[in-house]
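In this note's numbering, the protein residues as written are 148 to 461.
We treat Cβ as the ideally placed atom computed from N, Cα and C, and that holds for glycine.
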């Protein structure tokens, strides 16, 4: 505790200068004094009903999160994009502060605080100072229904899994518990992951392959040459000995993944594999050219003796 720090000032420090009306009154602030301090041009400001910021200036995101939790009441927790921000997952735009509250609590959303009544309040939450937020799988599952594009959902799930904030199994379990049609987008992305697809660009390659009528490859299989591990390409057509890689620093997040690309290419080429490389931009802007290159490689290729593949989804 800081020297000469009162209970009230200590609470305000912990809560980033944000406090509820009940808290302020408990520390001796009278209703008249509260009204005076929150007057136009006064030193305090009202952020939400009965929740105040005890400094001037534009409230920060952190202060808005604290205010939303105080407004929502005891036991409430941040979810959605607000929780993703605290997990440092993705870059989902924060248009409101989503908060889970117990189903029996009759409190409506207000201002930037978007309240969600639920019968499934999390049994465990993480803390950032005085702010409670859900685990990553719940944050992702609560965010995806609000996304408009499949590509955004793919990018978010890929970021959460690749950054090891949660696992595919945890996301699947979260969906299993929810039973809502709003999770259709997340179910689609998890089905792709179950097929071995691990990133948004790989999913775009899968879309292109499916729409063009090309043979379906294995995604992210582990290839072995005479029983020894060889490589793990993004896509593999075993009947033609063709592999495809979607090269992207953005979605292959670990530095070792990117540094390993050249040596992986050399190993596959030395084994007789035809290796194709595409960028995410090519998949979006030159899809016909990508299809032509894959088709040509499949026609020129052949099965390679000694190579076996193990599915990533196995």
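Name the DSSP beta bridge partners of residue 192, please?
Here residue 192 refers to the residue found at position 45 of the chain shown. DSSP lists 200 as partners of residue 192.
With a threshold of 16 other CB atoms inside 10 Å of the CB of residue 235, please say whether the residue is buried or exposed.
On the chain shown, position 88 is the one that residue 235 refers to. So residue 235 ends up on the exposed side.
Are the CB atoms of residue 245 and residue 229 within a distance shorter than 8 Å?
Residue numbering aside, residue 229 sits at position 82 when the chain shown is read from its first letter. Residue numbering aside, residue 245 sits at position 98 when the chain shown is read from its first letter. In contact: residue 229 and residue 245 (Cβ atoms closer than 8 Å).
For residue 220, which of 241, 248, 194 and 175 has the nearest alpha-carbon?
Taking the first residue of the chain shown as position 1, residue 220 is located at position 73. The residue with the shortest Cα to Cα distance from residue 220 is 248.
If you run the structure through DSSP and keep just helix, strand and coil, what is residue 268?
Working through the chain shown from its first residue, we reach residue 268 at position 121. In this structure, residue 268 counts as coil in the three-state DSSP scheme.
Excluding the 5 residues preceding and the 5 following residue 238 in the sequence, name in chain order all residues of the same chain whose CB lies nearer than 6 Å to its CB.
Numbered from its first residue, the chain shown carries residue 238 at position 91. Correct list: empty, nothing qualifies.
Roughly how many whole angstroms lie between the Cα atoms of residue 155 and residue 351?
Residue numbering aside, residue 155 sits at position 8 when the chain shown is read from its first letter. Residue numbering aside, residue 351 sits at position 204 when the chain shown is read from its first letter. The alpha-carbon atoms of residue 155 and residue 351 are separated by roughly 54 Å.
Check residue 251 in the structure and name its three-state DSSP category.
On the chain shown, position 104 is the one that residue 251 refers to. Correct three-state label for residue 251: coil.
So residue 294 packs on residue 300, CB below 8 Å; how close in whole Å?
The residue labelled residue 294 in the question sits at position 147 within the chain shown. The residue labelled residue 300 in the question sits at position 153 within the chain shown. Indeed they touch by this definition, with Cβ atoms about 5 Å apart.
Suppose you measure from the CA of residue 200 to the CA of residue 319; what does that come to, to the nearest Å?
The residue given as residue 200 occupies position 53 in the chain shown. The residue given as residue 319 occupies position 172 in the chain shown. For residue 200 and residue 319, the distance between alpha carbons rounds to 40 Å.
Please list, in chain order, all residues of the same chain as residue 290 whose beta carbon is under 7 Å from its beta carbon, the five residues on each side excluded.
Reading the chain shown from its first residue, position 143 is the one you call residue 290. If we look at residue 290 and ignore the five residues flanking it on each side, its Cβ neighbours are 227, 228, 231, 239 and 303.
Which of helix, strand or coil does DSSP assign to residue 172?
As a working mapping, residue 172 is identified with position 25 in the chain shown. Helix at residue 172.
Out of curiosity, what's the CA-to-CA distance linking residue 184 and residue 274?
For the purposes of this step, residue 184 is taken as the residue at position 37 of the chain shown. For the purposes of this step, residue 274 is taken as the residue at position 127 of the chain shown. Going from the Cα of residue 184 to the Cα of residue 274 covers about 30 Å.
Grab the span of the alpha helix (DSSP H) containing residue 339 for me, first residue to last.
Position 192 of the chain shown holds residue 339. Per DSSP, residue 339 belongs to the alpha helix (DSSP H) from 331-341.
Taking the alpha carbon of residue 360 as the reference point, which residue from 438, 380 and 420 has its own alpha carbon closest?
Here the question's residue 360 lines up with position 213 in the chain shown. Nearest option by C-alpha distance: 438.
Can you have a look at residue 280 and say buried or exposed, based on whether 16 or more other CB atoms are within 10 angstroms of its CB?
On the chain shown, residue 280 is found 133 positions in, with the first residue counted as 1. Flag for residue 280 reads buried.
Nearest CA to the CA of residue 340: which residue from 170, 242 and 316?
Looking up residue 340 in the chain shown gives position 193. Taking only the C-alpha atoms, the option nearest residue 340 is 316.
Per DSSP, residue 225 forms a beta bridge with which residues?
As a first step, residue 225 is located in the chain shown; it is residue number 78 there, counting from the start. Paired residue(s): 246 and 280.
Are the CB atoms of residue 292 and residue 323 nearer to each other than 8 Å?
On the chain shown, residue 292 is found 145 positions in, with the first residue counted as 1. On the chain shown, residue 323 is found 176 positions in, with the first residue counted as 1. It is not a contact, given that the beta carbons lie outside the stated cut-off.
DSSP has residue 424 in a bridge; who is on the other side?
Here the question's residue 424 lines up with position 277 in the chain shown. Answer is 392.
Less than 8 Å between the C-beta atoms of residue 422 and residue 392, yes or no?
In the chain shown, the residue the question calls residue 422 occupies position 275. In the chain shown, the residue the question calls residue 392 occupies position 245. Taking 8 Å as the Cβ cut-off, residue 422 and residue 392 qualify as a contacting pair.
Check for me: the beta strand (DSSP E) holding residue 456 runs from which residue to which?
Here residue 456 corresponds to residue number 309 of the chain shown, with the count starting at 1. First-last of the beta strand (DSSP E) with residue 456: 454-457.
Between the C-alpha atoms of residue 377 and residue 414, what's the straight-line distance to the nearest angstrom?
Mapped onto the chain shown, residue 377 falls at position 230. Mapped onto the chain shown, residue 414 falls at position 267. Spanning the two alpha carbons is a distance of roughly 7 Å.
Which same chain residues, not among the five before or five after residue 332, have their C-beta less than 8 Å away from its C-beta?
The residue labelled residue 332 in the question sits at position 185 within the chain shown. Counting only Cβ-Cβ distances below 8 Å, and skipping sequence neighbours, we find 291, 292, 294, 297 and 300.
May I ask you to report which of helix, strand or coil DSSP gives residue 184?
Residue numbering aside, residue 184 sits at position 37 when the chain shown is read from its first letter. Reduced to three states, the DSSP call for residue 184 is helix.
Kindly give me the distance between the Cβ atoms of residue 454 and residue 418, rounded to whole angstroms, as I take these residues to be in contact under 8 Å.
Counted from its first residue, the chain shown places residue 454 at position 307. Counted from its first residue, the chain shown places residue 418 at position 271. Contact flag correct, Cβ pair sits at about 7 Å.
To which residues of the same chain is residue 383 closer than 7 Å at the C-beta, ignoring the five residues directly before and after it?
By one-based count along the chain shown, residue 383 stands at place 236. Closer than 7 Å at Cβ, skipping near neighbours: 364, 365, 368, 370, 390 and 456.
What are the start and end residues of the alpha helix (DSSP H) that includes residue 438?
Residue mapping note: residue 438 aligns to position 291 of the chain shown, counting from 1. Residues 434-447.
Considering only C-alpha positions, which residue in the set 242, 431 and 379 is nearest to residue 411?
Along the chain shown, read from residue 1 onward, the residue named residue 411 stands at position 264. Out of 242, 431 and 379, 379 has the C-alpha closest to the C-alpha of residue 411.
Secondary structure at residue 234, three-state DSSP: helix, strand or coil?
For the purposes of this step, residue 234 is taken as the residue at position 87 of the chain shown. Reduced to three states, the DSSP call for residue 234 is helix.
Residues in its own chain within less than 6 Å of residue 479 by CB, not counting five upstream and five downstream?
The chain is shown from 148 up to 461; residue 479 falls before or after that span and cannot be answered.
Where residue 178 and residue 233 are concerned, what is the direct C-alpha to C-alpha distance, given to the nearest angstrom?
The residue you call residue 178 lines up with position 31 of the chain shown. The residue you call residue 233 lines up with position 86 of the chain shown. Answer to the nearest angstrom: the Cα atoms are 34 Å apart.
Would you tell me roughly how many angstroms separate the C-alpha atoms of residue 431 and residue 206, rounded to the nearest one?
As a working mapping, residue 431 is identified with position 284 in the chain shown. As a working mapping, residue 206 is identified with position 59 in the chain shown. Residue 431 and residue 206: Cα-Cα distance of roughly 40 Å.
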